[in-house]
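Here the structure is laid out as structure tokens; the discussion comes afterwards.
In this note's numbering, the protein residues as written are 27 to 205.
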């Protein structure tokens, strides 16, 4: 039993239980990115409020760094559009406190969302991919602390988390496997 979480423009989650890909009746199983972390949270691109995706997507991280709140349906402000998560990570590595704060905030929300997955599915391992994974050495303690804070069973918070490097093209491999 495993879960793959891709944090990028959104949050994609693939679930394998008993060796089978979990698809659901309408092929929307695993849409953990649209579970609410807070009913008072930021508006998500899906139209709902407080979705996990609205807290951890690349746009959320960059917006947090820049200090702007995005409004779905409105153009992305130029100061957000010209930055990438990779640049925020690079700035954090150079000691930029604002970049570090933005990444650690994303890490906290990432851990809270992972706790929802752990509480719902209790997987043996979770694979994490996407641009934020390049900062894993910086964010892992914060992710783990938030996961432990919300896991229903302490042992479940010790789930093995494996980082998948972007150059391994996990989304393309997953798509080709389904074909």
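We put the beta carbon where it would ideally sit given N, CA and C, even for glycine. Keep in mind that this is a model prediction, so the values were computed, not measured.
query: Environment of residue 155 [buried if 16+ CB atoms lie within 10 Å]; result: buried
query: 8 Å Cβ cutoff met for residue 68 and residue 76; result: yes
query: Close beta carbons around residue 147, own chain, < 8 Å, minus the five adjacent residues each side; result: 27, 29, 41 and 43
query: Helix, strand or coil at residue 137 [DSSP, three-state]; result: helix
query: Within 8 Å, strictly: CB atoms of residue 71 and residue 98; result: yes
query: Residues bridged to residue 153 (per DSSP); result: 30 and 188
query: Local Cβ density within 10 Å of residue 52, reported as buried at 16 or more and exposed below that; result: exposed
query: Inter-residue Cα distance where the pair is residue 92 and residue 131; result: 13 Å
query: One or two residues paired with residue 54 in a DSSP bridge; result: Answer is none; residue 54 lacks a bridge partner.
query: Contact set for residue 160: own chain, Cβ-Cβ below 6 Å, skip 5 residues either direction; result: 115
query: DSSP bridge partner residues for residue 77 (one or two, in chain order); result: 62
query: Coarse secondary structure for residue 69, derived from DSSP in three states; result: strand
query: Integer Cβ distance of residue 36 from residue 83, believed to fall under 8 Å; result: 6 Å
query: Cβ distance (whole Å) where residue 169 is taken to contact residue 140 below 8 Å; result: 7 Å
query: Buried versus exposed call for residue 191 [16 or more other C-beta atoms within 10 Å across all chains shown]; result: exposed
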